[in-house]
Amino acid sequence: MAPSDILPDILFYLFAALTLLCGVLVVANPFSRNPVTSAMFLVLTIISMAGLFVLLHAFFLAAVQIIVYAGAVIVLFLFVIMLLDLKEEQRRKIKLFGAGAGLVSVGVIMTISLKALRATQPGANLPAPQIEGGTDALGKLLFTQYVLPFEVVSILLLVAMVGVILLSKKDLK
Amino acid sequence: MHVGLEHYLTVSFLLFGLGLLGVIMRRNLLVIYMSLELMLNAANLALVSFSRFNNNLNGQILVFFIITVAAAEVAVGLALIVALYRKRQSAHVEDLTSMKL
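In order, the protein sequence lines correspond to chains X and R. Using my numbering, the first residue of the first sequence is number 475, and each one after it goes up by one. Using my numbering, the first residue of the second sequence is number 47, and each one after it goes up by one.
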């Protein structure tokens, strides 16, 4: 195997491990229950996931992921965390029953789906991947075949903006 | 072994499970919301890898729309959480058990 074949595989394992590790720390950080820590690890999860997108040749989506999620969504989260007074969170205990039930149900779902993945092998007989998710290819598709959903999404963003302004008014009717 | 579709799908499944675990286990509304984002991202990863290995760009277009809608959804959801916090002085699901304010 040439080094140029091995490098993407090494990078995949690196980014996948980073994504999962930071995902664990978002959900269940043993050192801190502070939502700010969770938000920071969410940023790291999203950035390493953008690395996975680059490995899948989805360059445009990797950029959008970093700009929209790491740039806008997390900043919004941090603003709201600082608006609310969340010092109380650290004092409360996690309920043992809820945690146990969650672990069992998620464990069952994960076992079933991973077993199904192993049994069906969806990627076994596929041809070599060739597509490139660059800006030009995606933009062409977005403005020809998917132009109607694109316009609908712009209206959705307008509606969301108006809704948020209405919801953040002091006297909510 | 060469990294293929199964590897990416495994990562996506595990990330989805983590998000689900956060939604079930955590009691803070904001952390639950972040776990929801994690689940959305897991779905995005699955879609992008399917798109790549099936030589079809439509999956990436869908991910583009999911990211847009998720951004709008986060803005509205966080505004709701702030409005709720103003009424109840709490962002804890155990304090928010009744529908009527």
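Think of the CB as a built atom: it goes at the ideal place given N, C-alpha and C, for glycine as much as any other residue.
- Against chain X, a Cβ distance below 8 Å from residue 81 (chain R) picks out 500 and 501.
- Closest option to residue 557 (chain X), judged by alpha-carbon separation, among R:67, R:97 and R:76: R:76.
- In the three-state DSSP reduction, residue 74 (chain R) falls in the strand class (E or B).
- Per DSSP, the unbroken alpha helix (DSSP H) holding residue 509 (chain X) starts and ends at 509–529.
- If you look at residue 104 (chain R), you'll find it in the alpha helix (DSSP H) that goes 104–134.
- A check of alpha carbon separations from residue 87 (chain R) across X:574, X:616, X:535 and X:549 identifies X:535 as the nearest.
- Residue contact with chain X for residue 143 (chain R): absent (no Cβ-Cβ distance below 7 Å to any residue of chain X).
- Per DSSP, residue 635 (chain X) is one residue of the alpha helix (DSSP H) stretching across 621–641.
- For residue 637 (chain X), the neighbours in chain R by C-beta distance under 7 Å run, in chain order, 122.
- For residue 137 (chain R), same chain residues with a beta-carbon under 8 Å away, outside a window of 5 residues either side, are 74, 75, 76, 127, 130 and 131 in chain order.
- Here residue 525 (chain X) has 489 as same chain residues with Cβ atoms under 6 Å from its own Cβ, once five neighbours each way along the sequence are excluded.
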